[in-house]
Amino acid sequence: MKPAEKQYKFINSETGYVIHYHTLNCDKPQDEVKVELDNVKAQVAIKNKIFVGTVYWEVVKECE
């Protein structure tokens, strides 16, 4: 059986466009999730050559 997952979308706040999707297992502790999302946010900002402060994430799919 596949573990429950939570999907996040990373959005450029200046344009409102989704620029990246990322999926995490729900069994991770909240502090680890926050650290991983911050790392992904930084990587997305660098990849898209935008200021890290303009990128934010939202939950797309909650744990099932």
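Sequential numbering of the sequence shown, starting at 836, is according to this note's numbering. The C-beta atom is built at its ideal place from N, Cα and C for all residues, glycine as well.
DSSP lists Gln842 as the beta-bridge partner residues of Thr858.
Our two residues, Val879 and His855, have alpha carbons roughly 7 Å apart in a direct line. The beta carbon of Lys896 sits closer than 6 Å to those of Gln842, all from its chain and outside the five residues before and after it, given in chain order. Counted as a single uninterrupted DSSP element, the alpha helix (DSSP H) harbouring Lys876 occupies residues Gln865 to Asn883. Taking C-alpha positions only, Asn847 is separated from Leu872 by approximately 15 Å.
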